[in-house]
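In this note's numbering, the protein residues as written are 49 to 118. C-beta: ideal position from N, C-alpha, C; glycine also. Some notes on the structure that comes next.
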Amino acid sequence: MSVQLLNCKQLAEAIGRNPMYVSAMKRCGFVMRYAGRTTFKEALDWLAENPEFRMAQAYPKKTQPVPKPI
């Protein structure tokens, strides 16, 4: 049995999320170590090790600039 390597888009489809979710995983430490590809099992293992992961961790909200006093 061979292991299927998935790119970002394929992995997103496999876990039922969008590609931005996988990109957020990568920004928070998930490594796609096979030339930008990974296995479904590695992704599930990472998600199990990081149960508190949320996309907001990778893309924090931008703060509004404070106006300068006149």
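Going straight from the alpha carbon of residue 112 to that of residue 61, what length do you get?
Counted from its first residue, the sequence shown places residue 112 at position 64. Counted from its first residue, the sequence shown places residue 61 at position 13. Roughly 34 Å separates the two Cα atoms.
Tell me which residue opens and which closes the alpha helix (DSSP H) that residue 61 is part of.
Your numbering for residue 61 matches position 13 in the sequence shown. If you look at residue 61, you'll find it in the alpha helix (DSSP H) that goes 56-63.
Using a Cβ cut-off of 8 Å (strictly closer), state whether residue 50 contacts chain D.
Looking at the structure shown, chain D is missing, and only one protein chain is on hand.
Applying the criterion that 16 or more other CB atoms from any shown protein chain within 10 Å of the CB defines a buried residue, is residue 73 buried or exposed?
Within the sequence shown, residue 73 is the residue found at index 25, counting from 1. Looking at its Cβ environment, which holds 16 or more other Cβ atoms inside 10 Å, residue 73 is buried.
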